[in-house]
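Have a look at the structure below, then the notes.
In our numbering, the protein residues as written are 765 to 1204.
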C-alpha cells in the first residue's frame, strides 16, 4: 500500500499544481479545514511571475529586462513604458522565440516530416476554434449541447492543439479532431462521453484517415477508481481501454505508462535546437529547493514539516510564485497523505534525482490562447500538460514516417533515441527518434 501511495504522491508532485488543494476545498472542506490557518505567501521575487492580461504600465520591476523571459504573459499584457519602447520589443521577441518548440523540429519540417496524413484527437474543454494557429486543420465537435450558459473558452485546449498540430506545433500538418467537453458535466463523465463519441466517429473514417492518437487533458485517477469502482472515473478508464484495443495511442498528463514524462525548457535567447541549452523543469527545481529548506531546518516529522512550510510562505528570502506553489502542494500532501507514508520516505523521494523520465519542453514556450484568433500566451514556467502534448506531436510524426508502429515500439524509440539529461532522465531528440523508427 505504501509503495502505491508513494507512486501517487510522485505523480502529484510531477504535475506541479495546487489543484489538489482546490479540489479539497471544493469537496466541502471549509473553515474547519486544516488549510484555514495557512498564511498567504509573501512573494518577494518577480522571477516566474504570472502577468497574463496584466497592466504593468506603472510598475517598477528591478532588472525586468533580465528576468522577463521567466514571466508568464500574453499578447494583451501591457508593459512599463520606456522612451525607446524596449520592454515591449523585448516581450515581442521572447514571444516569437517561444513559438519555436525546438530540438530540431525545423529540420524535420523542412524535410517533409510534419504529421501530414495523420489524424489526432484532443479532448478538453470548450475553446476558440477559429485561432489562426490551427483553424485550417481543426475539426471541432461539441460533446454535449446541454449547457445552459455561455461557457468561458478554455485556453488550455488551445495550447494543447497548438503544441500538437498548430502552425508552430510539433506536427503542423496533422489533422486535428477536437472534442469539447462542457463545464456543466462531471469532468470524468464528460471525458467518458467524449471518448465514446470519438470511438463512434472512428467507425465512419476510412482506414487511412483513422485517428491514431488521442490526447486528453484529464485522465483517470487510480485512487478515485479504487474509491468508486462503478463511478465515472472507471467509465473513462474503460473507454480508454477500448481505444487502446483499437490501436489508438492514449496520452494524458501524469499517465502511468512505461514512459513517464517530465518538463524542461530552453531560454528564448539560446539556441533551442541545442540539447545542452535545456534546463531542469522549473517545477522540479522548485520542489527540490523547498526540500532543501526542510532538510536545512532538520524537519524529521510531518508536524515539524507543516510548521516549517508555513513559516517559509512568509519568511523565505526571494520567495517566488513557483516555490510558493510547491510549499502549498507539500502542505496538501502533509495534511491528506501523512497517515499513509512516513515523512522521511517522502522527503527522500523529493530529494532524489529524477529516474527514467522523458523530458519534453514545457518552460519558455509560447502557445495559442482562446482570447482571440491572434492571441498567444508565453509560459516562463509551463506545466506537464505542455510536455505531454509535445510527446503527442512526436508520436504523430512517428506515425507519418512508419504507420505500422505499435505504442510500445514508439515509446521504446522515444526513450532510446533520447539525449542523457538530469539524473537518469532523457531529453527527447526528435531527429534521432525519426531516424530510429524510419529504420525499424
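Note that the Cβ used here is the ideal one computed from N, Cα and C, for glycine as well.
Leaving out the 5 sequence neighbours to the left and right, which residues in its chain are closer than 6 Å to residue 1185 when beta-carbon positions are compared?
1123 and 1191
Helix or strand or just coil, what does DSSP make of residue 775?
Because the pLDDT at residue 775 is just 48, under 50, the model does not fix this residue reliably, and the point stays unresolved.
Note down, one range per segment and in chain order, each beta strand (DSSP E) of at least 3 residues found wholly within the region 876–901.
883–889
Close Cβ partners of residue 923 (< 6 Å) along its chain, the five nearest in sequence each way excluded
1131
Spell out a yes or no on whether the region 996–1009 and the region 949–959 are touching, meaning 3 or more CB-CB pairs, one atom from each, closer than 8 Å.
yes
Find out if the Cβ-Cβ distance for the pair residue 886, residue 962 is shorter than 8 Å.
no
Tell me residue 943's beta-bridge partners as DSSP assigns them.
887 and 905
Throw me the rounded Cβ distance for the residue 898 and residue 926 pair, which I believe falls under 8 Å.
6 Å
I'd like the list of long-range same chain contacts for residue 1121, defined as Cβ closer than 6 Å, with 5 residues on each side in sequence excluded.
1024, 1026 and 1189
Below 8 Å on the Cβ atoms is my guess for residue 974 versus residue 883; work out the distance and round it to an integer in Å.
6 Å
With DSSP collapsed to three states, give me the class of residue 786.
Legend: pLDDT at residue 786 = 40, less than 50; position of this residue unreliable, no value from coordinates given.
Spell out the partners DSSP gives residue 1028 in its beta bridges.
1044 and 1125
Just to confirm, is the Cβ distance from residue 1015 to residue 977 under 8 Å?
yes
Please classify residue 1088: does DSSP put it in a helix, a strand, or coil?
helix
The region 1107–1117 in contact with the region 816–836 per 3-pair CB rule at 8 Å:
no
Write down the C-beta distance between residue 1115 and residue 1052 rounded to the nearest angstrom, noting that I regard them as a contact closer than 8 Å.
7 Å
Measure the Cβ-Cβ separation of residue 1046 and residue 892 and say whether it is below 8 Å.
no
Please classify residue 1199: does DSSP put it in a helix, a strand, or coil?
helix
If you draw a straight line from the alpha carbon of residue 1168 to that of residue 1083, how long is it in whole angstroms?
50 Å
Once you ignore the five residues that flank residue 972 on each side, which residues in its own chain have a CB closer than 8 Å to its CB?
881
State yes or no: is the C-beta of residue 1054 within less than 8 Å of the C-beta of residue 1090?
yes
Give the straight-line distance between the Cα atoms of residue 1155 and residue 970, rounded to the nearest whole angstrom.
26 Å
Out of 956, 1037, 968 and 941, which has the shortest C-alpha to C-alpha gap to residue 982?
956
Check whether the region 841–854 touches the region 867–874, taking contact to mean three or more Cβ pairs, one atom from each stretch, closer than 8 Å.
no
In this structure, does DSSP put residue 822 in helix, strand or coil?
coil
According to the Cβ coordinates, are residue 873 and residue 936 closer than 8 Å?
yes
Please name the residue in 1129, 1095, 1087 and 1142 whose C-alpha comes closest to that of residue 809.
1087
Do you know offhand how far residue 852's Cα is from residue 1040's?
29 Å
By DSSP, does residue 816 sit in helix, in strand, or in coil?
coil
Only counting the same chain, and skipping five residues up and downstream in sequence, which positions put a Cβ closer than 8 Å to that of residue 1032?
833, 857, 858, 861, 862 and 1128
Given a threshold of 16 other Cβ atoms within 10 Å of its Cβ, counted over all protein chains shown, does residue 1080 qualify as buried or as exposed?
buried
What's the C-alpha gap between residue 1152 and residue 826?
34 Å
With DSSP as the reference, label residue 1012 as helix, strand or coil.
coil
Who does residue 978 pair with in a DSSP beta bridge?
885 and 1014
Nearest-angstrom Cα separation, counted from residue 838 out to residue 1139
7 Å
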